[in-house]
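Note that my numbering has the sequence shown beginning at 96, numbered continuously upward.
Contents: one structure, followed by commentary.
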Amino acid sequence: MVNLTTEYLGLTLKSPLIVSSSGLTDNIDKLLIAEESGAGAVVLKSLFEEEINYHAGSLSETGDYPGAEDYILQYTKSHSLDNYLKLIGEAKSKLSIPVIPSINCISSDDWVNFARNIENAGADALEINLFFLPVDKKLSSVNAENLYFNLAEKIKATITIPIALKIGPRFTNLLYMIDQFYARGIDGVVLFNRFYEPDIDINSVRIIPASVFSAPEDKRYVLRWIAMADAAIGNISLAASTGVHDGGDAIKYLLAGADAVQVCSILYKNGVEFIKDMTESIERWMSEKGFDNVSDFRGKLNYHNVSEPGKYERSQFMKYFSSYD
Ligand SMILES: Cc1cc2nc3c(=O)[nH]c(=O)nc-3n(C[C@H](O)[C@H](O)[C@H](O)COP(=O)(O)O)c2cc1C
């Protein structure tokens, strides 16, 4: 019998498969199914600072009760947070796998309060869903990066449980960013978040949302950065997220150097129970290859460990496709 145990954020997970932050993890029944299906941990649906503020703002604009605005704003915020804390408490009492809440931080300092409360509710770690969309052409790259570093420092100074930053892939130098997060005491990074993207419907001539679900091919650009980050910043925990649609996809990320693998889109399609299938295929592959533990092969194909690291660096098609007409 193979052993799927892995270390992530200083926590021991019985399996590297984690159910990602999404609607799949927003209530206790779904979390129980995730655990029963063999997930090593769950990341709760993000508590969105922006959403809470918007919701609170729109309620307080009804204007029926002059002077009640502050009260409504505060009530709505604390009500949303209370519900979230209740879910953490319930999950902690009913699940034996680690429970990792997630908050989305944008600008205000409300999240400092959220983070403290989440820690006090017994969370095993906190995932920060972190993304600033730079829409100001006068904002330099250095200043944009500093927004991330300032937040990393602040969050580290606020709580003591392990912290993972879930980030997007588009930085001038991703490895520098991860290294700087590590230097600021961040325990892990999740590579990468998948964002809402706009599309255009040419029939109705309107902006529409692009598909929110990933395809297995989306994994390719992530694979490179997992392999590079594991080699360059070995001590930070790495969770791969994007494009994991079967057990084989999870194995690829583990070989590249991920400590854990988050799964979302395919579970929307096949049900959270599909984790069981994925687990069985990882176990089968390990048995076939003679690996008893995840640590026997994790990172075996990271940037340092492969004989031709240039394969991870190659980014132009020039040589490969010069013969294609
Ligand atoms: C419907 C949906 C809801 C999501 N909600 C969140 C969320 O609340 N917080 C978050 O950090 N990521 C959220 N995500 C992103 C996923 O956690 C995951 O990182 C992304 O979908 C890539 O993984 P996948 O290829 O397995 O889908 C959501 C994704 C989907 C499809």
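Just so you know, even glycine gets a beta-carbon here, dropped at the ideal spot from N, CA and C.
Source: prediction; values computed, not measured.
I need the boundaries of the alpha helix (DSSP H) containing residue i, first residue and last residue.
{"i": "G343", "result": "342–351"}
{"i": "V207", "result": "205–215"}
{"i": "R319", "result": "314–327"}
{"i": "Q275", "result": "269–278"}
{"i": "N330", "result": "Element bounds for N330: n/a, residue is neither H nor E."}
{"i": "L126", "result": "123–131"}
{"i": "G405", "result": "405–408"}
{"i": "K371", "result": "369–384"}
{"i": "I361", "result": "360–365"}
Which value, in whole angstroms, describes the spacing of the CA atoms of residue i and residue j?
{"i": "L127", "j": "E403", "result": "43 Å"}
{"i": "G394", "j": "Q275", "result": "22 Å"}
{"i": "D177", "j": "N122", "result": "14 Å"}
{"i": "G342", "j": "K233", "result": "44 Å"}
{"i": "S332", "j": "V300", "result": "44 Å"}
{"i": "Y243", "j": "S132", "result": "35 Å"}
{"i": "Y166", "j": "E214", "result": "Model confidence at Y166 stands at a pLDDT of 48, short of 50, so the residue's coordinates are unreliable; what they give is reported in the following sentence. About 26 Å."}
{"i": "S155", "j": "H174", "result": "Unreliable placement is indicated for S155, whose pLDDT of 49 sits below 50; the coordinate value is still reported in the next sentence. The alpha-carbon atoms of S155 and H174 are separated by roughly 14 Å."}
{"i": "A252", "j": "E240", "result": "19 Å"}
{"i": "V114", "j": "S360", "result": "10 Å"}
{"i": "E408", "j": "K125", "result": "40 Å"}
{"i": "E69", "j": "L349", "result": "Beyond the ends of the chain as shown, which are 96 and 420, falls residue 69; an answer cannot be given."}
{"i": "K347", "j": "S191", "result": "27 Å"}
{"i": "P304", "j": "I295", "result": "8 Å"}
{"i": "D219", "j": "N298", "result": "48 Å"}
{"i": "H340", "j": "F227", "result": "28 Å"}
{"i": "E222", "j": "T101", "result": "18 Å"}
{"i": "T267", "j": "Y179", "result": "35 Å"}
{"i": "Q411", "j": "T255", "result": "43 Å"}
{"i": "D231", "j": "A210", "result": "28 Å"}
Is the beta carbon of residue i sitting closer than 9 Å to the one on residue j?
{"i": "W206", "j": "E292", "result": "no"}
{"i": "V285", "j": "A259", "result": "yes"}
{"i": "R279", "j": "E248", "result": "yes"}
{"i": "A351", "j": "A335", "result": "yes"}
{"i": "L139", "j": "P193", "result": "no"}
{"i": "D337", "j": "V317", "result": "The question names Asp, but residue 337 is Thr in the sequence shown. Going by C-beta atoms, T337 is nearer than 9 Å to V317."}
{"i": "A345", "j": "I377", "result": "yes"}
{"i": "V466", "j": "S390", "result": "Past the boundaries of the shown model lies residue 466; the chain is included only from 96 to 420, so the question cannot be answered."}
{"i": "F308", "j": "Y363", "result": "yes"}
{"i": "G217", "j": "K189", "result": "no"}
{"i": "S88", "j": "S141", "result": "Beyond the ends of the chain as shown, which are 96 and 420, falls residue 88; an answer cannot be given."}
{"i": "I273", "j": "I328", "result": "yes"}
Under 8 Å by Cβ, that's how I've got residue i and residue j pegged, so tell me the actual separation to the nearest angstrom.
{"i": "V356", "j": "L99", "result": "V356 to L99, Cβ: 11 Å. No contact."}
{"i": "I198", "j": "N224", "result": "7 Å"}
{"i": "G105", "j": "P257", "result": "5 Å"}
{"i": "G283", "j": "Y103", "result": "7 Å"}
{"i": "Y277", "j": "N330", "result": "7 Å"}
{"i": "L270", "j": "A324", "result": "6 Å"}
Output the boundary residues of the beta strand (DSSP E) element that contains residue i.
{"i": "S197", "result": "197–200"}
{"i": "G105", "result": "Note, G105: premise wrong, no beta strand (DSSP E); not H, not E."}
{"i": "N238", "result": "N238 -> not in any beta strand (DSSP E); alpha helix (DSSP H) instead, spanning 236–253."}
{"i": "N224", "result": "221–225"}
{"i": "D294", "result": "293–296"}
{"i": "K261", "result": "258–262"}
{"i": "P193", "result": "First-last for P193: undefined, no H or E at that position."}
{"i": "R301", "result": "301–304"}
{"i": "A136", "result": "136–138"}
{"i": "V339", "result": "No beta strand (DSSP E) contains V339, which DSSP labels as neither H nor E."}
{"i": "L286", "result": "283–286"}
{"i": "V114", "result": "112–114"}
Would you say the beta carbon of residue i is closer than 8 Å to some non-hydrogen atom of ligand 3?
{"i": "Y348", "result": "For the structure depicted, ligand 3 is absent and the ligand set comprises only ligand 1."}
If we define contact as Cβ-Cβ less than 9 Å, is residue i a contact residue for chain B?
{"i": "K347", "result": "Checking the listed chains, one finds no chain B in this structure; it contains a single protein chain."}
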